[in-house]
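Notes for the one structure printed next.
In this note's numbering, the protein residues as written are 4 to 514.
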């Protein structure tokens with residue numbers, strides 16, 4: 004226990020020194036898709052079919068089409084999309100999750116909220132802050148300029164036209180209009196089909212036991228117990244073994260590579276459990292089978308695009324008939340082997356991303372590493388550069404690498420085998436496949452933000468007017484029933500005209 008506490012203290016201390024240009028330590032994992040769900044990656048014009056286990060980050064857009072649903076996780080927080088929903092990330096770093104909801108309906112379930120964390124959902128006419136752990140539903144209709152915020156549990160604050168409105172548990176707030184919006188708060192209505200769907204998902208998640216060997220903030224941990232088993236292995240500690248893989252399987256074989264800024268080449272695995280074991284920890288070959296070694300537990304595990312070492316060097320793959328451009332090869336890093344990123348990072352980041360494996364790394368002198376998985380039969384995977392850059396499924400195009408090719412090859416984690424320019428060229432040359440995407444008015448509609456987003460996504464947002472203190476939260480009164488048919492009501496005496504003698508007296512007074 005003392006070691007786990009010390010690791011947590013190191014992580015907390017490192018967080019305060021985290022360099023500004025380092026990539027964030029967390030992403031959103033796209034973990035469930037139903038129906039037609041499309042993705043527009045940051046900086047790209049084309050929409051493609053979304054794939055499970057894709058890591059979402061700042062600038063990524065999602066669209067759930069007719070009768071579609073999607074679910075993504077940020078640590079222990081779940082965000083779920085209903086049909087006809089357009090969502091994008093304005094910001095996603097270690098502390099802030101800022102989502103652009105330009106149309107449609109989402110549910111957000113927050114199970115844990117640290118003091119330094121914030122969740123903001125921005126719609127075309129209001130910014131919604133989620134203040135407590137709980138379950139929230141946000142509906143955005145850009146055509147009618149209506150946002151509805153329903154709080155099943157927790158507390159929210161809605162800011163529109165500079166005024167803030169609190170919304171408490173079991174309440175629903177409606178914001179209508181943009182420049183001078185009208186706000187109403189009523190008791191939350193009964194659940195509909197979308198509510199029942201996410202409630203079922205939430206209940207299934209709640210029934211699972213809490214993680215024993217990893218942090219609840221590790222993306223993808225919730226799929227491990229259903230798809231494998233844990234065993235304590237001397238020298239490694241708790242090790243997870245998948246029980247749904249074929250004979251001869253090895254890590255980083257079934258999936259494909261994509262370029263995701265700011266990390267670069269990123270592994271997207273095909274297995275439903277294929278997120279946590281490929282972005283955290285290490286792999287070990289134990290008694291003839293592969294097992295995942297997560298390492299010690301600490302509160303904020305740091306996401307990495309892939310825990311692999313690249314194999315190459317002059318003349319590598321000459322006998323493997325890769326064709327023009329040569330080949331690319333890799334294998335999974337083993338326990339206690341350092342991961343030195345090929346993307347730009349600080350020394351603090353290097354030690355944070357290796358915290359679970361190596362207490363401290365001298366980033367200037369990382370040499371003479373004996374990579375234990377390099378010689379494991381079947382561990383090294385190789386494909387042509389063309390197949391690699393085009394994100395083709397590795398299992399379909401991989402070739403066997405003879406031991407003689409590996410003997411003279413160089414191994415590194417700090418240099419990518421294919422440049423970003425080659426990746427972009429391959430993406431541009433790929434045939435375009437038509438997929439559903441949001442209407443243009445939804446794509447172009449700016450949203451109201453309370454927190455200024457980063458420069459990369461600022462064009463998608465507009466700030467609220469000058470802030471004013473929260474206004475009172477009084478549920479709107481129920482509409483009065485229509486009055487029964489009756490004679491017109493008499494006017495008050497002060498408004499009635501005088502009659503007879505009274506009129507004469509009035510005239511005398513006037514004289």
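Glycine included, each C-beta is placed from N, C-alpha and C at the ideal position. Note that the structure is predicted; figures quoted are calculated from it, not measured.
Take the Cβ of residue i as the centre, count every other Cβ of all protein chains shown within 10 Å, and call the residue buried at 16 or more, exposed below.
i: residue 234; result: exposed
i: residue 495; result: Since pLDDT at residue 495 reaches only 44, below the 50 mark, its modelled position is unreliable, and no value is offered.
i: residue 245; result: buried
i: residue 522; result: Residue 522 is absent from the model: the chain starts at 4 and stops at 514.
i: residue 422; result: exposed
i: residue 174; result: buried
i: residue 159; result: buried
i: residue 46; result: exposed
i: residue 483; result: The pLDDT assigned to residue 483 is 37, lower than 50, so where the model puts this residue is not dependable; a value taken from the coordinates is nonetheless given after this. By the neighbour-count rule (16 or more Cβ atoms within 10 Å), residue 483 is not buried but exposed.
i: residue 290; result: exposed
i: residue 142; result: buried
i: residue 413; result: exposed
i: residue 332; result: buried
i: residue 316; result: exposed
i: residue 155; result: buried
How about residue i and residue j: are their beta carbons less than 9 Å apart?
i: residue 295; j: residue 254; result: yes
i: residue 338; j: residue 357; result: no
i: residue 60; j: residue 31; result: yes
i: residue 106; j: residue 353; result: no
i: residue 335; j: residue 311; result: yes
i: residue 120; j: residue 130; result: no
i: residue 297; j: residue 213; result: no
i: residue 230; j: residue 275; result: yes
i: residue 345; j: residue 416; result: yes
i: residue 271; j: residue 258; result: yes
i: residue 450; j: residue 68; result: no
i: residue 457; j: residue 24; result: no
i: residue 88; j: residue 140; result: no
i: residue 161; j: residue 152; result: yes
i: residue 299; j: residue 267; result: no
i: residue 40; j: residue 72; result: yes
i: residue 164; j: residue 184; result: yes
Which class does residue i belong to by DSSP, given the choice of helix, strand or coil?
i: residue 30; result: coil
i: residue 463; result: helix
i: residue 301; result: coil
i: residue 339; result: coil
i: residue 245; result: strand
i: residue 70; result: coil
i: residue 454; result: coil
i: residue 482; result: No answer about residue 482 holds up, because its pLDDT of 40 lies below 50 and its placement is not dependable.
i: residue 492; result: With a pLDDT of 45 at residue 492, under the threshold of 50, the modelled position of that residue is not reliable, and no figure is offered here.
i: residue 469; result: With a pLDDT of only 49 at residue 469, under the threshold of 50, the placement of this residue in the model should not be trusted, and no figure is reported.
i: residue 139; result: strand
i: residue 122; result: strand
i: residue 358; result: coil
i: residue 288; result: strand
i: residue 202; result: helix
i: residue 382; result: coil
i: residue 352; result: helix
i: residue 219; result: coil
i: residue 376; result: helix
i: residue 389; result: helix
i: residue 106; result: strand
i: residue 282; result: helix
i: residue 406; result: helix
i: residue 315; result: strand
i: residue 437; result: coil
Starting from residue i, follow its DSSP beta bridges and name the residues at the other end.
i: residue 426; result: Answer is none; residue 426 lacks a bridge partner.
i: residue 239; result: According to DSSP, which records beta bridges pairwise, residue 239 is partnered with nothing at all.
i: residue 399; result: Paired residues: none, contrary to the question.
i: residue 187; result: 177
i: residue 263; result: 267
i: residue 111; result: 82 and 139
i: residue 443; result: Its beta-bridge partners do not exist; DSSP assigns none.
i: residue 293; result: 288
i: residue 160; result: 132 and 169
i: residue 272; result: 258
i: residue 99; result: 121
i: residue 65; result: 42 and 90
Between residue i and the ligand ADP, is the CB less than 8 Å from at least one heavy atom?
i: residue 460; result: Summarising the ligand content, the structure contains no ligands, and the ligand ADP is consequently not present.
Using 9 Å as the limit for Cβ to Cβ distance, is residue i near chain C?
i: residue 415; result: Given the protein chain composition of this structure (a single chain), no chain C is represented.
With a cut-off of 8 Å, do at least 3 Cβ pairs link the region 34–41 to the region 251–269? no
How do the region 214–222 and the region 300–310 stand: do at least 3 beta-carbon pairs fall below 8 Å, yes or no? yes
Is it the case that the region 44–55 contacts the region 178–187, given that we only count it when at least three CB pairs across the two stretches are under 8 Å? no
Count Cβ pairs between the region 399–406 and the region 417–437 that sit closer than 8 Å; are there 3 or more? no
Taking contact to mean at least 3 C-beta pairs separated by less than 8 Å, is the region 106–121 in contact with the region 63–80? yes
Any contact of the region 160–169 with the region 186–193, i.e. 3+ C-beta pairs under 8 Å? yes
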